[in-house]
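Undergrad: In the numbering used here, the protein residues as written are 8 to 89.
For glycine and all other residues, C-beta sits at the position ideal for the given N, C-alpha and C.
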Amino acid sequence: MHETIRISSSMLNRIKYIAAYQVAPISAITHLAEVAKIEKYKETNKNIVYFKEPAKEINPVKLIPREKGQLRKHRGTLPMKS
């Protein structure tokens, strides 16, 4: 299983998981998948993300409302160092 998405080249080796956000009426992150590998897609600025296994459904994670609007596109996050 894979998905084609744009990812900054500086982030490619740092991505370990992909989370899926569902829009209204659910408005929450509902699925999580561990990344097996990422490859360039043909002659485009997109990449193919291969999952180790199909995305798993998780308990919904609601986003904290923002004053200036809602989530509008993909976002990258990295774990914080302790």
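Check for me: the beta strand (DSSP E) holding residue 66 runs from which residue to which?
TA: Counting along the chain, the beta strand (DSSP E) containing residue 66 begins and ends at 63 to 69.
Undergrad: Would you identify the three-state DSSP class for residue 54, choosing helix, strand or coil?
TA: Reduced to three states, the DSSP call for residue 54 is strand.
Undergrad: For residue 86, collect the residues of the same chain with a Cβ closer than 7 Å to its Cβ; drop the 5 residues on either side in sequence, then sort them by chain order.
TA: Legend: pLDDT at residue 86 = 44, less than 50; position of this residue unreliable, no value from coordinates given.
Undergrad: Could you tell me the alpha carbon to alpha carbon distance between residue 53 and residue 45, rounded to whole angstroms?
TA: So the two alpha carbons sit approximately 10 Å from each other.
Undergrad: Can you give me the Cβ contacts of residue 19 inside the same chain, cut-off strictly under 6 Å, excluding the 5 residues immediately before and after it?
TA: Within the same chain, residue 19 has close Cβ partners 45.
Undergrad: CA-CA distance, residue 25 and residue 50?
TA: Going by the C-alpha atoms only, they are around 23 Å apart.
Undergrad: Can you pull the DSSP bridge partners for residue 27?
TA: DSSP, once it has assigned bridges, lists 38 as partnering residue 27.
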